[in-house]
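Working notes, beginning with the structure itself.
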Amino acid sequence: MCAEDESSAYAGRRPYRASAIEFSRLRPDVALVRPCRPLASGTDQELRRVVDDQLDTDPWAVLLDLTATALSPAAVAVLVEAAERAGGANVGLYLIVGDDAVAQALKAAGRLDLFDIYPTIESAVRAMSTLRSTG
């Protein structure tokens, strides 16, 4: 189970957890998705389903908290697909990463340009709020 942290304060309730992935709402139109273990075979497909489900709700933004996970090459492909789908739907997709490993994996795949990357949920929410108030 994912540890409780700053996202609980934003969500105002306990997150829903679907085996290796949990999600909650930071706001009615902003989803927070968090893998609870490394994104490897099977887990990456579960992430795809959860992100697709969240994008189907027509959100303003989706935050993917990847601070407690590692990425497999298949997981990079899932993130790229999510970014392309979000971009096509005009939905902000924000990645929360704890170190450079995720950014390096996306850079190695030549797809780093698809993502807005932040070190904490709080910093992503601040950036998102600034964009929303100016956009």
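For the sequence shown, full-length UniProt numbering begins at 1 and goes up steadily by one.
Note that beta-carbon positions come from the ideal geometry of N, C-alpha and C, so glycine has one too.
Expected contact under 8 angstroms - CB spacing of residue 31 and residue 76 to nearest Å: Incorrect: roughly 21 angstroms between the Cβ atoms, too far for contact.
Of the listed residues 29, 24 and 69, nearest to residue 50 (C-alpha basis): Ranking the options by Cα distance to residue 50, first place goes to 24.
CA nearest to the CA of residue 103, picked from 26, 92 and 66: 66
Nearest-angstrom Cβ-Cβ length linking residue 115 and residue 131, presumed shorter than 8 angstroms: Between residue 131 and residue 115 the Cβ distance is about 14 angstroms, and since that is not below 8 angstroms, they are no contact.
Own chain, CB closer than 8 angstroms to residue 118, minus 5 neighbours either side, in chain order: 94, 95, 96, 97, 124 and 127
For residue 50, the first and last residue of its enclosing alpha helix (DSSP H): Note, residue 50: alpha helix (DSSP H), 43-55.
For residue 97, the three-state DSSP class (helix, strand or coil): coil
Beta-carbon gap between residue 71 and residue 33 smaller than 9 angstroms: Here residue 71 is not near residue 33, since their CB atoms are 9 angstroms or more apart.
CB contact flag (residue 26, residue 78, <9 angstroms): no
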